[in-house]
Amino acid sequence: MRKISILNFIFFCLIISKSIAQKPNEKYQYNIHSATSSVNIDGVADDLAWESPEIANNFFMITPMDTSFSRALTDVKMCYDKENLYILVVNYKPVKGSIIVESLKRDFSFGKNDNFLLFMDTFDDKTNGFSFGANAAGAPWDGQQGDGGTVDLSWDNKWVSAVKNDDDKWVWEAAIPFKSIRYKPGITKWGINFSRQDLTISEKSAWAPVPRQFPSASLAYTGVLAWDVPPPNPGPNISVIPYFANRLTKDFQKDTPNKYKPAVGGDVKIGLTPSLNLDLTVNPDFSQVDVDVQQTNLDRFELFFPERRQFFLENADLFANFGYATIRPFFSRRIGLGVPIQFGARMSGKINKNWRIGMLDVQTGSSDSLTPRNNYAVFALQRQLLARSNVRFIFVNKDATNYNLERHSATNRYNRNIGAEFNLASAKNLWTGKVMVLKSFTPGKSTDDFTHAADLKFNKANFFWQWQHEYVGKNYNAEVGYVPNAVRMGYYKISPNVGYLFFVKDPRIISHGPKLISNVFWDKKFDLSDREFILSYNLNFINRATVAVWGSSNYVRLLRPFDPTNLGVGTLPTGSEHNWKAAGFDIVSGPQNRLTYAASGIFGGYYQNGNRNNLRAELGYRVQPYVAITMAGNYNDIRLPEPWKRTQLWLVGPRLDFTFTNNLFFTTFMQYNNQADNINLNARLQWRYKPASDLFIVYTDNYLPENFRVKNRAVVLKFTYWWNL
Numbered sequence: 001m002r003k004i005s006i007l008n009f010i011f012f013c014l015i016i017s018k019s020i021a022q023k024p025n026e027k028y029q030y031n032i033h034s035a036t037s038s039v040n041i042d043g044v045a046d047d048l049a050w051e052s053p054e055i056a057n058n059f060f061m062i063t064p065m066d067t068s069f070s071r072a073l074t075d076v077k078m079c080y081d082k083e084n085l086y087i088l089v090v091n092y093k094p095v096k097g098s099i100i101v102e103s104l105k106r107d108f109s110f111g112k113n114d115n116f117l118l119f120m121d122t123f124d125d126k127t128n129g130f131s132f133g134a135n136a137a138g139a140p141w142d143g144q145q146g147d148g149g150t151v152d153l154s155w156d157n158k159w160v161s162a163v164k165n166d167d168d169k170w171v172w173e174a175a176i177p178f179k180s181i182r183y184k185p186g187i188t189k190w191g192i193n194f195s196r197q198d199l200t201i202s203e204k205s206a207w208a209p210v211p212r213q214f215p216s217a218s219l220a221y222t223g224v225l226a227w228d229v230p231p232p233n234p235g236p237n238i239s240v241i242p243y244f245a246n247r248l249t250k251d252f253q254k255d256t257p258n259k260y261k262p263a264v265g266g267d268v269k270i271g272l273t274p275s276l277n278l279d280l281t282v283n284p285d286f287s288q289v290d291v292d293v294q295q296t297n298l299d300r301f302e303l304f305f306p307e308r309r310q311f312f313l314e315n316a317d318l319f320a321n322f323g324y325a326t327i328r329p330f331f332s333r334r335i336g337l338g339v340p341i342q343f344g345a346r347m348s349g350k351i352n353k354n355w356r357i358g359m360l361d362v363q364t365g366s367s368d369s370l371t372p373r374n375n376y377a378v379f380a381l382q383r384q385l386l387a388r389s390n391v392r393f394i395f396v397n398k399d400a401t402n403y404n405l406e407r408h409s410a411t412n413r414y415n416r417n418i419g420a421e422f423n424l425a426s427a428k429n430l431w432t433g434k435v436m437v438l439k440s441f442t443p444g445k446s447t448d449d450f451t452h453a454a455d456l457k458f459n460k461a462n463f464f465w466q467w468q469h470e471y472v473g474k475n476y477n478a479e480v481g482y483v484p485n486a487v488r489m490g491y492y493k494i495s496p497n498v499g500y501l502f503f504v505k506d507p508r509i510i511s512h513g514p515k516l517i518s519n520v521f522w523d524k525k526f527d528l529s530d531r532e533f534i535l536s537y538n539l540n541f542i543n544r545a546t547v548a549v550w551g552s553s554n555y556v557r558l559l560r561p562f563d564p565t566n567l568g569v570g571t572l573p574t575g576s577e578h579n580w581k582a583a584g585f586d587i588v589s590g591p592q593n594r595l596t597y598a599a600s601g602i603f604g605g606y607y608q609n610g611n612r613n614n615l616r617a618e619l620g621y622r623v624q625p626y627v628a629i630t631m632a633g634n635y636n637d638i639r640l641p642e643p644w645k646r647t648q649l650w651l652v653g654p655r656l657d658f659t660f661t662n663n664l665f666f667t668t669f670m671q672y673n674n675q676a677d678n679i680n681l682n683a684r685l686q687w688r689y690k691p692a693s694d695l696f697i698v699y700t701d702n703y704l705p706e707n708f709r710v711k712n713r714a715v716v717l718k719f720t721y722w723w724n725l
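Counted from 1, the sequence shown has number 96 at position 96 by full-length UniProt numbering; the numbering is strictly sequential.
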């Protein structure tokens, strides 16, 4: 035991020593100076202000290989004035006259477009920042970065850009207001990197080199943006974003009269400091948000749908990224679920280089007498440690503000969670990990109400391994979180994974190799309840296409009754045991062609000695850059004994995106789901008449599949305006 402790101590010290190593790309520096004259954002490099800035070029290839300079030449210039940060990028075309883009839609899919992206670590902490960019047709991209480089594209702010194309190059020019970003005042060094993707030669590159196993957005590998003087103080930073909406709804099944519901509300953004923001919202309306993509539910646990509402998105990582994908003490979609949000406030951002803070308070109404009004409060604090690691603390509180025991006995008067975690990220991102503990407080539950989890991951170009373990107590309760496995009423879990890639010199294949994924669960008595092993072999092609084949072995001992079709036909009993094996494949085409596809299949056993065959496919075609057509389908053929017999489940979803200009978009999306016995049609017209200001017209229908009879209908007109004071 003593030897093991000494080895663990040495191992931990080794990881820590790697964590405090010097920033890998410190020598890549871009010196930025004040603009010598005004800059007109038109995508033409003819302003006098662009004659004097230095040029960042000689980009390094990231993929398919990271051992040479890029073949796609790129020149970058930057300058600034009292209000804006300016950037000019000349992207020379390796193949004259050619670009590959999906559409003119904002926040495009990275992998399907020729694009240029800017990543800024404005706090110089290698963890948080902002990303801006455009594809080769001029569609803008903006997002907030957290957890070392993950880009949240749901973040949206006010800035302007323009793209011009000619035969041998495309030019991107942008002005980013200092009021639109957060940064630490007084510092003269930001982390920065420039990323270029050119699909005509299947290449991704960056100014400061990034190893191919990491995304170009990784803030661990930024260079340095060196200011001649500290960036200007943006001054009073207050934005008022009012909206007006009018909703018409009709319930055809109940044959009720049309309902008209006008609504007025809005948000206020107040920059308390250049790095700390206060957001206020009154009577928010989210009718313009993209509809959720439906999923065929054959799981024993709750499905996950991502947050899309703007109010919850800035600095969302402070609140939402605490814990693991299936152990979250806070999941903002719990707020306003079927009830109106009356008002809310959120303060979030940097206190100084090492400390971040987040405070959230939201009040909801009630939908009926059986549903109480609730107040949701969250407090999060993060302290930077070493090079890129941090410690986090979180407190989540849900309180029924008008709780009545007789009327609200089906719900708890309150639920609280408190927790802390340590996040490890080495300087070069080779080592990452987390250690976490959470405790809940619920009326009538005072024992075994905590959870603990930890993982450690090593990721090199050709080899990775990961260890993760979890424990969730039987009384742990996160009513404002997302813990789908908690229905197991307490469990232990381990998930060791390992993979290897062989890199080869081949005109078509870049790498191939095996990967083993395992998940094993035990109940509170340490009796096995679930076991899953998946062994796959993966091929990665030069043109970014991928192919994987796999086989799996599954064991399940049900801890509660379960309907394997989720159609209400019948249930398998608690304690019943099920074993099966399956095989499958996953294929994704390269993104260069106008016709793209993805397909996957599952073939093998299922519960109760049954069989399940599943085919999923997505076919896309683009008439660049104006039209993108996608057809997605998911078919399940399940064969079980009585009472289920044969069950066929279809989920079909065609989608059409029309991007008439960079400011006018139309999207229509239909979903047929026979498991839910529903056809949903959603159409949305968006006109961005000014930066960050929009007019939306949204039309939604739900139909009965058997006769296409309308169940309900809604039409929404919404007008928003972003007003900087």
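The beta carbon of each residue, even a glycine, is placed where N, CA and C say it ideally should be.
These figures come from a predicted structure and were not determined experimentally.
- Of the candidates Leu-318, Val-289 and Arg-300, Val-289 places its Cα closest to the Cα of Glu-307.
- Counting only unbroken stretches of 3 or more residues, the beta strand (DSSP E) elements lying wholly within the region 395–481 are 414–425, 431–441, 450–459 and 463–472, in sequence order.
- Only residues of its own chain outside the window of five on either side were considered, and among them Thr-630 and Phe-669 have a CB closer than 6 Å to the CB of Arg-655, listed in chain order.
- Along the length of the region 622–668, whole beta strand (DSSP E) runs at least 3 residues long occupy 627–639 and 646–659, reported in chain order.
- Relative to Leu-199, the option among Lys-93, Ala-320 and Gly-266 whose CA is nearest is Lys-93.
- The way I'd put it, the region 555–565 doesn't touch the region 279–289; fewer than three beta-carbon pairs between them come closer than 8 Å.
- If you look at Phe-585, you'll find it in the beta strand (DSSP E) that goes 577–588.
- In the structure shown, the three-state DSSP call for Gly-358 is strand.
- The Cβ-Cβ distance between Ala-628 and Glu-102 falls below 7 Å.
- Non-local C-beta neighbours of Thr-565 in its own chain, meaning closer than 7 Å and more than five positions away in sequence, comprise Ile-638, Trp-644 and Thr-647, ordered along the chain.
- Counting only unbroken stretches of 3 or more residues, the beta strand (DSSP E) elements lying wholly within the region 22–55 are 29–32, in sequence order.
- Around the beta carbon of Asn-321, a 10 Å sphere encloses 16 or more other beta carbons of the protein chains shown; the residue is thus reported as buried.
- At a Cβ-Cβ threshold of 7 Å, Ser-205 and Phe-331 do not count as neighbours.
- Pairing Leu-651 with Thr-296 gives a Cβ-Cβ distance under 7 Å.
- When DSSP states are grouped into helix, strand and coil, Arg-713 belongs to the strand group.
- Rounded to whole angstroms, the gap between the alpha carbons of Lys-169 and Phe-132 is 20 Å.
- Taking 8 Å as the upper bound for CB-CB distance, Phe-311 and Asp-361 are not in contact here, some 12 Å apart.
- When beta bridges are read from the DSSP output, Ser-600 appears opposite Asp-586 and Arg-616.
- For Gln-608, the three-state secondary structure derived from DSSP is helix.
- Asp-267 is bridged by DSSP to Ile-241 and Thr-281.
- Rounded to the nearest angstrom, the gap between the Cα atoms of Gln-342 and Tyr-606 is 46 Å.
- The C-beta separation of Val-160 from Ile-62 comes to about 29 Å, leaving the pair out of contact by the 8 Å criterion.
- Taking 7 Å as the cut-off, the Cβ atoms of Pro-329 and Gly-473 do not count as close.
- Under the three-state reduction of DSSP, Arg-488 is assigned to helix.
- Straight-line spacing of the CA atoms in Glu-642 and Phe-252 works out to 36 Å.
- In this model, Ala-714 and Tyr-699 are separated by some 6 Å (Cα to Cα).
- When secondary structure is reduced to three states using DSSP, Gly-111 falls in the helix class.
- Per the DSSP secondary-structure output, Ala-377 pairs in a beta bridge with Asp-361 and Asn-397.
- For the pair Gly-148 and Ala-461, the CB atoms are not nearer than the 7 Å cut-off.
- In terms of Cβ geometry, Val-716 and Arg-247 form a close pair [threshold 7 Å].
- When secondary structure is reduced to three states using DSSP, Ile-201 falls in the helix class.
- The alpha carbon of Val-498 has as its nearest neighbour, out of Lys-505, Pro-507 and Leu-456, the alpha carbon of Leu-456.
- Within the model, the alpha-carbon separation for Arg-544 versus Gln-675 is close to 34 Å.
- In its chain, beyond the 5 residues on either side, Gly-186 and Thr-188 have a beta carbon closer than 6 Å to the beta carbon of Pro-230.
- Between the region 396–408 and the region 370–384 there are three or more inter-stretch CB-CB distances shorter than 8 Å, so the stretches are counted as touching.
- With distances taken between CA atoms, Gln-624 lies nearest to Lys-105 out of Tyr-86, Glu-54, Lys-105 and Ser-68.
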